[in-house]
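What follows is one structure encoded as structure tokens, with my remarks underneath.
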Amino acid sequence: MAVFILVQLLQGSDESELEQTSQLSIKPALTVEWLNAYQKSWQLNTRADGRIMAWHEAKISTQTSGLMISHVLVNVGDLVKKGQVLAEFENEKVKLDLAQLTANVQEAEANYHEALLNYDRGTHLQKTKSISDREFNELKALMLSMKSRLESAKAAQNNGELRFKQTQLLAPDDGVISERQASVGIVANAGDELFKMIVQNRLEWQAEVAAYHLSSLAIGQEVLVTLINHQQVRGVVRQISPTIDPMKNTAVVYVDLETDTFARAGMYVKGEFLGKIETFLTLPQSAVSMSDGFYYVFKIRDDSFVQQIKVTIGARQNDQIAILTGVSPQDKLVASGVSFLKEGDIVNIVGQLPIGGKR
Numbered sequence: 003m004a005v006f007i008l009v010q011l012l013q014g015s016d017e018s019e020l021e022q023t024s025q026l027s028i029k030p031a032l033t034v035e036w037l038n039a040y041q042k043s044w045q046l047n048t049r050a051d052g053r054i055m056a057w058h059e060a061k062i063s064t065q066t067s068g069l070m071i072s073h074v075l076v077n078v079g080d081l082v083k084k085g086q087v088l089a090e091f092e093n094e095k096v097k098l099d100l101a102q103l104t105a106n107v108q109e110a111e112a113n114y115h116e117a118l119l120n121y122d123r124g125t126h127l128q129k130t131k132s133i134s135d136r137e138f139n140e141l142k143a144l145m146l147s148m149k150s151r152l153e154s155a156k157a158a159q160n161n162g163e164l165r166f167k168q169t170q171l172l173a174p175d176d177g178v179i180s181e182r183q184a185s186v187g188i189v190a191n192a193g194d195e196l197f198k199m200i201v202q203n204r205l206e207w208q209a210e211v212a213a214y215h216l217s218s219l220a221i222g223q224e225v226l227v228t229l230i231n232h233q234q235v236r237g238v239v240r241q242i243s244p245t246i247d248p249m250k251n252t253a254v255v256y257v258d259l260e261t262d263t264f265a266r267a268g269m270y271v272k273g274e275f276l277g278k279i280e281t282f283l284t285l286p287q288s289a290v291s292m293s294d295g296f297y298y299v300f301k302i303r304d305d306s307f308v309q310q311i312k313v314t315i316g317a318r319q320n321d322q323i324a325i326l327t328g329v330s331p332q333d334k335l336v337a338s339g340v341s342f343l344k345e346g347d348i349v350n351i352v353g354q355l356p357i358g359g360k361r
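Convert by adding 2 to the 1-based position in the sequence shown; the result is the number in the numbering used here.
Structure below.
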């Protein structure tokens, strides 16, 4: 009996030694450092790009025809105020025409007053039967005719005054001149476009945003736009397009930009819509691998073997990735080189990385 027990002990000792020897003979697949996923608060921003455009561009044209431009008083880039004179037309002939029309009014007034006075006299004479009905009707008809001529003369005078006012081209609002076609010496016709103006010098960013991001945007949301000189300009969402571009699957989001910056209409820039702040478990990108469309991390067991764990990722910031499911803050995870590992590999551990995965 004693001999049997001794044999069993010797066999058990041999198997244990074999297992230890076998484990020791396994060559580590990789020398690694490890880390823990850690909690980090992120502002969930939505990135986009698009062109800066004028909020509203006014096309300024002349309302009169056949007059030559005599003075151009502004140029591209000039800031102007509402009612400011932008250009003047030759007005000597218009002045002469207006003087003639004014004289016509004065003559018509004199004729009307004389006819009205005769009509009033005729009214009294008719009551005493001093004039016939036919003579009275002639006086009345002449008075009405002179009144009509006076009104016609005044209308012509008003039209002449308007034409004289139109010899000055005025700014319809505050703004900045963006284009100029006006030149001294040209004869303009009604409707000819002479200037373009960015109304109130207001610019907007027309950001092209992927359709699946639209649910995270709202009117009044703050935006940060980066210009080509790296200056950052703040803005606010004014309007979100109700339609989606079927070719690009994007929508235009209109962002009002702050004034007095380097921003210029026509610039193509990038920007971020500033979102809400949320807290996530986070890992450096080096700790996450992708295979067949899924994301994985490698958890280190106490015996130095690794276990492949499927995870769900969220937002990214720089080289950090939000981990939504699959790991806990206590898990001991391989920090880098995960693309060289597979389930069941053994690793040689040399140390722990600090929070964030950077030394």
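For every residue, glycine included, the Cβ atom is placed at its ideal position computed from N, Cα and C. Because the structure is a prediction, the values reported are computed rather than measured.
Task: L343, DSSP secondary structure in three states - done: coil
TODO: Taking only runs that begin and end inside the stretch 161 to 223, name each unbroken beta strand (DSSP E) of 3 or more residues, in chain order.
DONE: 170 to 172, 177 to 182, 195 to 201 and 205 to 212
- [ ] Work out the CA separation of P356 and A267 for me, nearest whole Å.
- [x] 47 Å
Task: Best match in V340, K142 and E181 for proximity to S288 [C-alpha to C-alpha] - done: V340
Task: Per-residue burial, E206 [other beta carbons within 10 Å of its own, 16 or more giving buried] - done: buried
Open item on the list: For the pair the stretch 153 to 168 and the stretch 103 to 112, tell me if three or more CB-CB distances fall below 8 Å.
Closed with: yes
- [ ] For the beta strand (DSSP E) holding R49, just list the boundary residues, first then last.
- [x] R49 -> beta strand (DSSP E) spans T48 to A56.
TODO: Check the C-beta distance from G273 over to V227 and give it rounded, since I have them as a contact under 8 Å.
DONE: 4 Å
Task: Under 7 Å between C-beta atoms of M145 and L127 - done: no
Open item on the list: Alpha carbons only, please: which of E260, A253 and D194 is nearest the one belonging to S217?
Closed with: A253
- [ ] Kindly list the residues whose CB is nearer than 6 Å to the CB of L326, restricted to its own chain and excluding five residues on each side of it in sequence; keep chain order.
- [x] T314 and G316
Task: Proximity winner among P30, T33, Q41 and E35, relative to T281 (alpha-carbon distances) - done: Q41
Open item on the list: Tell me the rounded alpha-carbon separation between D333 and P286.
Closed with: 15 Å
- [ ] Put K131 into one of helix, strand or coil per three-state DSSP.
- [x] coil
- [ ] Look up D247 in the DSSP assignment and say whether it is helix, strand or coil.
- [x] strand
Open item on the list: Does the structure place the stretch 54 to 68 close enough to the stretch 197 to 215 that three or more beta carbon pairs sit under 8 Å?
Closed with: Per the Cβ contact rule, the stretch 197 to 215 is in contact with the stretch 54 to 68 (3 or more Cβ pairs under 8 Å).
Open item on the list: Let me make sure I understand the geometry here. Which of A143, R318, G346 and G237 has the alpha-carbon closest to that of V308?
Closed with: Relative to the Cα of V308, the nearest Cα in the group A143, R318, G346 and G237 belongs to G346.
Task: Buried versus exposed call for I383 [16 or more other C-beta atoms within 10 Å across all chains shown] - done: In this structure the chain extends from 3 to 361, so residue 383 is not present and cannot be described.
Open item on the list: Within a Cβ cutoff of 8 Å, which residues of the same chain sit near F91, ignoring the five residues on either side of it in sequence?
Closed with: Same-chain partners within the cutoff: T64, T66, L69, M70, I71, S72, Q168, T169, Q170, L171 and A190.
- [ ] Would you mind reading off the limits of the beta strand (DSSP E) that contains N350?
- [x] Note, N350: beta strand (DSSP E), V349 to Q354.
TODO: Buried or exposed for F300, please, with buried defined as at least 16 other CB atoms from any protein chain shown within 10 angstroms of its CB.
DONE: buried
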